[in-house]
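Trainee:
Residue numbers (mature numbering (1 follows the signal peptide of the UniProt record, and there is no 0)): -19 to -1, 1 to 238.
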């Protein structure tokens, strides 16, 4: 009887002590961040026009065509129009500080309403407006925080995913927090349709929208004097030439009011 009492006391005091040590260790690991990864949290698409932005661009028949300057811009972006080959009011040029390793500076948000779900290819019409080296002043950051998949892909089907997305492989060069560095190449500084990611290993840029709804397209400054005129999203089963032939039919911009 005395032996049973002693064993019972051992069980009572021993197990709570073990549980407390595990809880303490778990709290310590959480505080230290040793078990947490720097992974972008995927947001859910909105069902309605986001009041914080005030408007939404509407996809039609698998195509979204947007004048880049048709938005509100933070300080650092400058509207320019003294050049041929651009449309609308002109183009926007980043003249603030370069943000090579820290995306989110000078960010602009474009809400887009998707009804025709699936995978879309992204491209923009851009130029570099300083110097004569097409590998400089030629890129900005791009992110779709609530797209179900966001990736670069080559013609052979190989893919890269943004750093911080929790997916691999990641692109060559800068990428973090779900952002791709997106660039155009070539020493001809005329505005041209091209958007690629992964340095010296060019991948075209794609995003997947699995459900109808309003998604956010975010662009932020990277290289100074990178200039952007237009944005285009089209379903992957529509060729880029076909999409460009329809791109002058700009997407409707609806107010949230």
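Even glycine gets a Cβ: it sits at the ideal position worked out from N, Cα and C.
1. Cβ atoms of residue 101 and residue 234: under 7 Å apart, would you say?
2. Taking just the CA atoms, how far does residue 48 sit from residue 64?
3. The alpha helix (DSSP H) with residue 224 in it runs from where to where?
4. Please state the DSSP three-state secondary structure of residue 64.
5. Give me the Cα-Cα distance between residue 202 and residue 59, rounded to the nearest whole angstrom.
6. With residue 171 as the anchor, note down where its beta strand (DSSP E) starts and where it stops.
7. For residue 236, count neighbouring Cβ atoms within 10 angstroms of its own Cβ and tell me buried if that reaches 16, exposed if not.
8. Using the rule of at least 16 other Cβ atoms within 10 Å of the residue's Cβ for burial, across every protein chain shown, is residue 56 buried or exposed?
9. DSSP puts residue 215 in a beta bridge; with which residues?
10. Report yes or no: do the segment 167 to 184 and the segment 78 to 97 share at least 3 C-beta pairs separated by less than 8 Å?
11. Are the segment 145 to 156 and the segment 186 to 200 touching, with three or more C-beta to C-beta distances below 8 Å?
Mentor: Let me spell this out:
1. no
2. 16 Å
3. 221 to 226
4. coil
5. 12 Å
6. Run containing residue 171: none; DSSP gives neither H nor E here.
7. exposed
8. exposed
9. 44, 102
10. no
11. no
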